[in-house]
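Protein chains in written order, with numbering that gives the first Met the number 0: chain U, 0 to 215; chain L, 0 to 215; chain V, 0 to 215; chain B, 0 to 215.
All residues carry an ideal CB built from backbone N, CA and C; glycine is no exception.
Protein chains: 4
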Amino acid sequence: MTTPRHTASKRWTRQPEERPKQILDAALRVFCARGFAQTRMDDVARKAGISKGTIYLYFDSKTALLEALIERAMAPVATQLEAMAASAPEGPVAPLLQTMLELAATRLADPDVAAVPLLVIGEAGRFPHLAQHYRERVIEAGLGAITSLIQRGIRAREFRPLDPALAARSLIATVLLQAIWSTVFARPDDTPLHPHILAGQHVDIFLNGVKTEARR
Amino acid sequence: MTTPRHTASKRWTRQPEERPKQILDAALRVFCARGFAQTRMDDVARKAGISKGTIYLYFDSKTALLEALIERAMAPVATQLEAMAASAPEGPVAPLLQTMLELAATRLADPDVAAVPLLVIGEAGRFPHLAQHYRERVIEAGLGAITSLIQRGIRAREFRPLDPALAARSLIATVLLQAIWSTVFARPDDTPLHPHILAGQHVDIFLNGVKTEARR
Amino acid sequence: MTTPRHTASKRWTRQPEERPKQILDAALRVFCARGFAQTRMDDVARKAGISKGTIYLYFDSKTALLEALIERAMAPVATQLEAMAASAPEGPVAPLLQTMLELAATRLADPDVAAVPLLVIGEAGRFPHLAQHYRERVIEAGLGAITSLIQRGIRAREFRPLDPALAARSLIATVLLQAIWSTVFARPDDTPLHPHILAGQHVDIFLNGVKTEARR
Amino acid sequence: MTTPRHTASKRWTRQPEERPKQILDAALRVFCARGFAQTRMDDVARKAGISKGTIYLYFDSKTALLEALIERAMAPVATQLEAMAASAPEGPVAPLLQTMLELAATRLADPDVAAVPLLVIGEAGRFPHLAQHYRERVIEAGLGAITSLIQRGIRAREFRPLDPALAARSLIATVLLQAIWSTVFARPDDTPLHPHILAGQHVDIFLNGVKTEARR
DNA sequence: GATGAATGAGGCTTCATTCAT
DNA sequence: AATGAATGAAGCCTCATTCAT
């Protein structure tokens, strides 16, 4: 068994285009694994396969790295939520809600995706502006989209009358909390709960729970 | 009748016996406000009204402080959950579930109570044993208690057949996530969402969603 | 030859009263020897016989150390200059000027005293406010005191008419520059130029050069 | 007739031959403005309009840059001083001294010229060989030239007997110190003291102070 | 020759922990 | 038991220098 030499004999290569992405990807992993405060810039650098100083060619500080990271993760979510809310097709909203929840469950089953809200939760105390930004662009946007759909359902007598904002929380909490739990409390030997199954039954309960009472 | 250990030769009146509690209370507050890593022992000391060195008379390290804190918060919850599960009265479980959820909502509305799960979530990456312990004694116990009640409801045809473990998650997630959110994303000018209202409508939706279909 | 054990068996002693002075003294020496930028806090600490962290119990930063140092050195000089200017006795000013110059020469012969103006000169580029403060409190005060004495001499026909401010510069420059040179360009094997001799001849030349022309 | 080394295949017009001068000029400015230690190679490069790496094609290190800089500035001064000392015309030395001082004052009024002694003063602690070299080639040469002229004046009974070496210091200190002060303590809104005026009065005082007493 | 991305040693500063009082 | 001065290891960040392009 020979010791494989590295195929690249160069100590490093220029990759100014790729570096920011490499660094953010690495930072997400290590911040998530150890927490922001416990992560050393060296950890990020090693994970990205570069040297410590190189990070500072692209990001001003450790904090700037965190902010860029969260900003990057937030942007597509916020965009998609707005698009969804704007383009909901006519007709009953129940199937729509089901689709959205399953989509969310699938997305959040990816640890890299679930990592970001967790980071925000963990660092909100230290970086209130981050938390506020996340709240506005993601949480309120998401809750708003769901809330308006539920409201539509109520108006159309598809659902019985109830507070649509609270109902929206009832609908999405299970999926979100599951994402948090499976990331935080995962045990190595755990069979991960398939997100579709949980989301499926939850949506079923919810829709049964909110649907207009059968004529009496 | 307390046994005074010292014969009135001291000037300070605070009893050593109260110190651990004072320290833990202070630690909970500051850990929660700034996060564990960002909190200095000086912060804890100042909050407790004592000096930094004194903490080390009662706790071996900063980590030990965190562990004691979480342990202390976990104990009564675990005890109560076990008691509930053991002593559930006969009859329909729906009112029981409602009571439990409202109790949980009320408890978690206290920031000092909600702080603990948040701490665990934030530090799980660094202290896996803490996370595991919390999972076993609180999460699994709580989910177990709810699950077995739901199972009883299903057996009694009070509820339609579904996976009781998943249903338990559906039931409690809304209340827990609300506790997390209102702690993390609270805005100073926010009217806090009264926990009873959210829990009330959520339980209503849930119970309507799981109840046996009324024969029509 | 035995290895002498330290008489103090304690690793350190409490000296909260003495520390600031100890630290400033040490800092003056090492800043002067190596320059501010080239000096590590470790150097200061070692010179002061304490640990690096201790410095930060008394000074906020390396820069604060420099500022405190210069402030401390400036205060007595400024005070003395003001006192001198205020309490000059009546009569001819020539002996006064001679006394002042010799005093200045003696003072500046102490390397610890000469070090401060040198520090200011070296760091003026980085700390303009320091330079400005020094200029106002020391240089302008000193020049002002000398200038007003010379003016008195001119008014009393003791000196011939000339620009007193420029004459003040002529008078003190030699002593000051000598202080700078002997600090900067000192060679170990140099016999130091005795300040009194230089100052003595310089004042003699100066006073001869400014005295009223013998009646013609 | 210059020999073009490249056959017009390059786009840039700056000749490599000019680079060292460009770099040294830039370095002088920024070293003077911020001090040697506080100046980054990037600063020098930007000032020179080239890139950081290019400096290393011409100079081995930052220190080499400083040394080359000072060496370059020293050479003409040393040469001129030697020439002056060698070719002093016969007759009274007073006009000669006056000319030299005014020349020095004029030269030192150029901040780029005054910058060099200041740099040497500031970095003498770190680069003793620089200081020694400067002392030998500039200071001792300059003092020597003046000293020997004064000695000539004493021998010719133009001046009264005094220590010519100390008198030389008395003569030049005012001009040098003024150069230092105006560079270090310059205020933006200051009308700079015209060097000729200061030097003029100083030389007048000095020559009056050293001239043989008019028999009365 | 020129560039500027990449490196990594080094310094300031923080803070958990110790210990003399 | 309590204090808080003192310690020193550890981490963020800078920047002189190198080197692939």
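Cβ shell of D203/L (< 7 Å), same chain only, five flanking positions each side left out: Within the same chain, no residue comes within 7 Å of D203/L by CB-CB distance, once the 5 residues on both sides are set aside.
Does the beta-carbon of Q200/L have 16 or more other beta-carbons within 10 angstroms, so that it is buried, or is it exposed? buried
Any heavy atom of the ligand NAD closer than 6 Å to the beta-carbon of R13/U? The ligand content of the structure shown is nil, which means the ligand NAD is not present either.
Going by DSSP, name the residue or residues bridged to K210/B. F158/B
What are the start and end residues of the alpha helix (DSSP H) that includes P127/U? 127-133
Helix or strand or just coil, what does DSSP make of H5/U? Any answer about H5/U is weak, because its pLDDT of 43 lies below 50 and its placement is not dependable; what the coordinates show is given next. Three-state result, H5/U: coil.
Close beta carbons around L206/B, own chain, < 8 Å, minus the five adjacent residues each side: A93, L96, Q97
Report the neighbours of I138/V on chain B: residues whose CB is nearer than 8 Å to its CB, in chain order. W180, F184
Would you call the CB atoms of V183/V and A198/V closer than 7 Å? no
For Q37/U, the three-state DSSP class (helix, strand or coil): coil
Take the Cβ of R134/U as the centre, count every other Cβ of all protein chains shown within 10 Å, and call the residue buried at 16 or more, exposed below. buried
Can you look up R216/B in the DSSP assignment and give me helix, strand or coil? Residue coverage of chain B in this structure runs from 0 to 215, which leaves residue 216/B outside it and unanswerable.
Quick check: what's the CA-CA separation for L102/B versus R13/V? 59 Å
Please determine if the region 135-149 of chain V and the region 42-50 of chain V are in contact, where contact requires at least 3 C-beta pairs separated by less than 8 Å. No, the region 135-149 of chain V is not in contact with the region 42-50 of chain V.
Distance, Cα to Cα, I22/B vs V119/B? 19 Å
Hey, is A104/L's beta-carbon within less than 7 Å of any beta-carbon in chain U? no
Let's test the definition: count the other Cβ atoms within 10 Å of the Cβ of I153/U and tell me whether it reaches 16, buried, or not, exposed. buried
Measuring straight from C-alpha to C-alpha, what distance separates A77/B and M83/V? Each residue's alpha carbon lies about 42 Å from the other.
Neighbour list for G208/U in chain L, Cβ cutoff strictly below 7 Å: I204, F205, N207, G208
Just to confirm, is the Cβ distance from R125/B to Q37/V under 7 Å? Less than 7 Å divides the Cβ of R125/B from the Cβ of Q37/V.
Can you give the beta carbon distance from A108/B to P194/B, rounded, assuming they're within the 8 Å contact cut? 4 Å
For a cutoff of 7 Å on Cβ pairs, would you count I120/V as touching chain B? yes
Quick one: Cα of A26/B to Cα of R33/B, how far? Roughly 10 Å separates the two Cα atoms.
Nearest-angstrom Cβ-Cβ length linking I149/U and A167/U, presumed shorter than 8 Å: Confirmed, about 6 Å.
Count the other CB atoms, across all protein chains shown, that sit within 10 Å of the CB of Q131/B; report buried if there are 16 or more and exposed otherwise. exposed
Could you tell me which chain V residues have their CB closer than 9 Å to the CB of H193/B, listed as they occur along the chain? In chain order: nothing, as chain V lies at least about 10 Å away.
Smallest Cα separation from Y57/U: which of E17/U, D41/U, R28/U? E17/U
By Cβ distance below 8 Å, which residues in the same chain neighbour P88/B in space, the five residues on each side in sequence not counted? Within the same chain, Cβ atoms closer than 8 Å to the Cβ of P88/B are found at L95, the five residues on either side in sequence being excluded.
Can you give me the Cβ contacts of L142/U inside the same chain, cut-off strictly under 6 Å, excluding the 5 residues immediately before and after it? The residues are A167.
So, are the CB atoms of L68/L and F35/L less than 7 Å apart? no
Do you know whose CA, among A63/B, Q177/B, G121/B, M40/B, lies nearest R106/B's CA? Q177/B
At the level of alpha carbons, what is the spacing between Y55/V and A123/U? 30 Å
P127/B vs T146/B beta-carbon contact at 7 Å: no
Give the residues from the region 141-155 of chain B that approach chain V closer than 8 Å (Cβ to any Cβ), ordered along the chain. none
At a CB distance below 7 Å, what residues from the region 65-84 of chain U approach chain L? Give them in sequence order. Listed by position along the chain: nothing, the set is empty.
Answer yes or no: does any C-beta atom of chain U fall closer than 7 Å to that of H128/L? The C-beta of H128/L comes no closer than 7 Å to any C-beta of chain U.
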